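Visitor:
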Amino acid sequence: MDRFLSSYVHNIDAKGRVSVPSPFRQVIASRGIVELFAMRSLSQPAIDVGGPELMAHYEVQMEAMDPFSDLYQEMAIYAYGDGAYLKFDTEGRILMTDFIRSHTGITDRVAFVGVKHSFQLWEPDAFEAFRGALREKLRQRLTRGRGALASVETPE
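Below, the structure written as structure tokens:
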């Protein structure tokens, strides 16, 4: 198992901790990830979580920019100043901090959502609504795409 796949909903305990799903812990262990880095998603009420690959993604983009540009400075603040490390306890749990809760609306349950090289933390009802809307959006795009392909005439 080398990618974060599927979604899981886990309860948060009275101390604000939640167990990372076992399949996700297996990916973390197989990649040798020691610390998880978390960032607020720019487009969704979710937290993006990953290992070194997540930070490297932003750093590669930033390396192509002028370090004195506004965009570089904004990306640097987003990647470094607005992120947080998540620590595991000995039982594979992470703490649902105010950093996470304020952006996501998570209260007593959290949805872990695989996104290949990283995963996201969502408030479960918000994720279900997003997933339903996403399926419909993709269905419509695919339907339009098939219609466009079907309307192309083939030479005889």
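Using full-length UniProt numbering, the letters of the sequence shown map in sequence onto residues 1 to 156. Virtual Cβ for every residue (Gly too), placed ideally from N, Cα, C. What you are looking at is a predicted structure, and each value in this text was computed from that prediction instead of being measured.
What beta strand (DSSP E) runs, 3 residues minimum, are completely inside the stretch 38-99?
Guide: DSSP runs (the beta strand (DSSP E)) wholly in the stretch 38-99: 47-50, 83-86 and 93-95.
Visitor: On the DSSP bridge list, what partners appear for Lys116?
Guide: In DSSP, Lys116 forms a bridge with Phe4.
Visitor: Classify Ser43: buried if its beta carbon has 16 or more other beta carbons within 10 angstroms, exposed otherwise.
Guide: Exposed, because fewer than 16 other Cβ atoms sit within 10 Å of the Cβ of Ser43.
Visitor: Could you pull out every residue in the same chain whose Cβ sits closer than 7 Å to the Cβ of Pro155, ignoring the five residues on either side in sequence?
Guide: Confidence is the limiting factor: at Pro155 the pLDDT is only 48, short of 50, which leaves the residue's position unreliable, though a coordinate-based value still follows. Result list for Pro155: empty, nothing under 7 Å.
Visitor: What three-state label does DSSP hand Ala133 in the structure shown?
Guide: Three-state DSSP puts Ala133 in a helix.
Visitor: Kindly identify the DSSP beta-bridge partner or partners of His10.
Guide: Note: His10 sits in a beta bridge opposite Val110.
Visitor: Sorted by chain position, which residues of the same chain lie with C-beta nearer than 7 Å to Asp66's C-beta, five sequence neighbours on each side aside?
Guide: Only Tyr72 meet the Cβ criterion.
Visitor: Does the Cβ-Cβ distance between Ile100 and Val20 come in under 8 Å?
Guide: No, Cβ-Cβ distance for Ile100 and Val20 is not below 8 Å.
Visitor: In the DSSP assignment, what residue or residues form a beta bridge with Arg17?
Guide: Answer is Leu95.
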